[in-house]
Amino acid sequence: MTDVSAPHAAAARPRWDIRQVPGIGGLGLGIAAAVLILTWVGSDGYRQTLVTASVTYALIALGMYVPYLMAGSLSMAYSAYAGIGGYAVGLISTRTDLPLLLAWIAGPIVAAIIAVLLGLATRRLSGFFLAAVTLLFGMAFTAFLIDGERLTGGSGGVGNLRPLRLFGWMPSHYQVVVGSVIVVCVVAFLLDRLRLSPWGVIVRTMRDAPRAVEAAGVRVPVMNLVALALGAAIAAVGGGLFAYSAGSITPDTFTLNIVFLAIFMPLIGGSGTPWGAVAGAVLAVELTLNFPAIQASGTLLLALGVLVIMLVAPKGVIGYADKLRRRAMALPRRRRTGG
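In the numbering used here, the protein residues as written are 319 to 657.
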């Protein structure tokens with residue numbers, strides 16, 4: 319006796335559709351933009367430097383995205399976390415014979431541990447007071463780098479980094495740039511998935527209604543520490559990539575200026591998704607570095623741009639583009655219905 323219901327059951331089984339994967343649309347657009355940027359860069363050394371700066375800004379902004387825009391905790395210590403990642407690459411490269419790849423593992427781990435310790439010390443602070451204390455920590459870290467000459471090289475920093483070797487293969491500078499762009503796309507996609515996951519929903523709810531989350535049995539302080547650690551680790555990866563591409567790291571490489579810029583990058587691109595931080599980083603580099611005619615006032619133009627975007631497009635460039643897309647898609651329907 320044959321089972322005639324089997325073909326019908328197989329036909330009724332839902333087919334896997336990649337378009338239903340959360341965050342896949344953002345990843346597709348990110349990959350398309352990355353291909354265009356890398357094609358534009360080519361072998362031009364200056365353009366490769368611009369992309370490296372954009373990658374660094376993007377990873378620092380993505381690091382701040384988790385505790386700041388998702389959890390609502392404004393930490394200003396991200397210059398220190400990026401510096402930890404950079405000095406991990408510099409010190410392992412010049413002071414040890416260990417594989418350089420370990421620097422991108424050690425740096426984020428150390429940055430995450432320090433972020434947790436700093437979070438425990440400031441767990442009762444919020445708002446302006448939290449920002450002020452973590453800002454002082456970033457300044458103190460810079461002073462430590464200058465004073466700790468035996469370990470950090472003092473104000474001269476660490477230079478002459480050895481090249482990266484992966485199983486005997488030494489990537490070129492352009493290949494490092496390509497790898498850095500891939501890292502940004504992967505991190506942004508994973509954070510987008512995390513934002514849409516149950517953990518991300520809890521963290522975002524915790525930002526607006528912490529007492530309700532506590533009443534549900536979730537430890538808000540623990541969630542804040544996890545968000546801080548994750549953000550610090552991402553920023554350290556960016557610091558390590560920049561130090562390797564530049565070939566050196568000094569106490570002045572990551573200043574508080576980059577932290578203030580990183581705060582505004584998601585607002586420029588769109589705070590509703592981690593891809594907004596990436597778009598904001600690219601725009602920030604374009605305004606502050608890539609236009610010689612306005613380079614001296616690039617930061618001022620960036621500030622004016624943030625003001626205009628907040629007035630015209632509160633959801634950022636990506637949010638405004640999505641609004642235009644939906645209007646364009648709705649236009650043919652209106653024509654068919656005569657509306």
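For each residue, glycine too, the CB sits at the ideal point set by N, CA and C.
Considering residue i, what are the terminal residues of the alpha helix (DSSP H) in which it resides?
i, result
"serine 372", "363–382"
"phenylalanine 560", "538–564"
"serine 411", "396–413"
"threonine 658", "Any question about residue 658 goes unanswered here, given that the chain covers just 319 to 657."
"phenylalanine 578", "574–587"
"proline 426", "421–439"
"threonine 606", "593–606"
"leucine 392", "Unbroken run through leucine 392: none, as it is neither H nor E."
"alanine 350", "342–359"
Please report the distance separating the alpha-carbon of residue i from that of residue j.
i, j, result
"phenylalanine 560", "valine 519", "32 Å"
"glycine 456", "glycine 557", "14 Å"
"leucine 605", "valine 624", "12 Å"
"proline 516", "alanine 621", "35 Å"
"leucine 436", "valine 373", "26 Å"
"glycine 346", "leucine 354", "13 Å"
"alanine 545", "valine 635", "25 Å"
"leucine 380", "valine 540", "20 Å"
"arginine 522", "alanine 450", "23 Å"
"glutamine 493", "valine 536", "44 Å"
"isoleucine 581", "leucine 479", "30 Å"
"valine 596", "glycine 401", "20 Å"
"tryptophan 358", "alanine 351", "11 Å"
"leucine 454", "glycine 587", "28 Å"
"serine 563", "alanine 547", "25 Å"
"serine 411", "leucine 387", "35 Å"
"glycine 637", "arginine 413", "46 Å"
Helix or strand or just coil, what does DSSP make of residue i?
i, result
"glycine 637", "helix"
"isoleucine 612", "Note that isoleucine 612 scores 49 on pLDDT, short of 50, meaning its location in the model is unreliable; the coordinates nonetheless yield the value given after this. Looking at isoleucine 612 - three-state DSSP - the assignment turns out to be helix."
"methionine 628", "helix"
"arginine 645", "helix"
Mind listing, in chain order, the continuous alpha helix (DSSP H) runs of no fewer than 4 residues lying wholly within the stretch 461–502? 467–470
Do the stretch 416–424 and the stretch 583–598 make contact, defined as three or more Cβ pairs closer than 8 Å? The stretch 416–424, when compared against the stretch 583–598, does not touch it at the 8 Å Cβ threshold.
Stretch pair the stretch 369–379 + the stretch 488–503: three plus CB contacts closer than 8 Å: The stretch 369–379 vs the stretch 488–503: in contact.
Does the stretch 389–399 touch the stretch 572–585, meaning 3 or more C-beta pairs lie closer than 8 Å? yes
Okay, do the stretch 524–533 and the stretch 351–366 touch, 3+ Cβ pairs below 8 Å being the bar? no
Do three or more CB pairs link the stretch 436–444 to the stretch 554–572 at distances below 8 Å? no
For the stretch 501–515 and the stretch 479–486, state whether three or more C-beta atom pairs, one from each stretch, are separated by less than 8 Å. no
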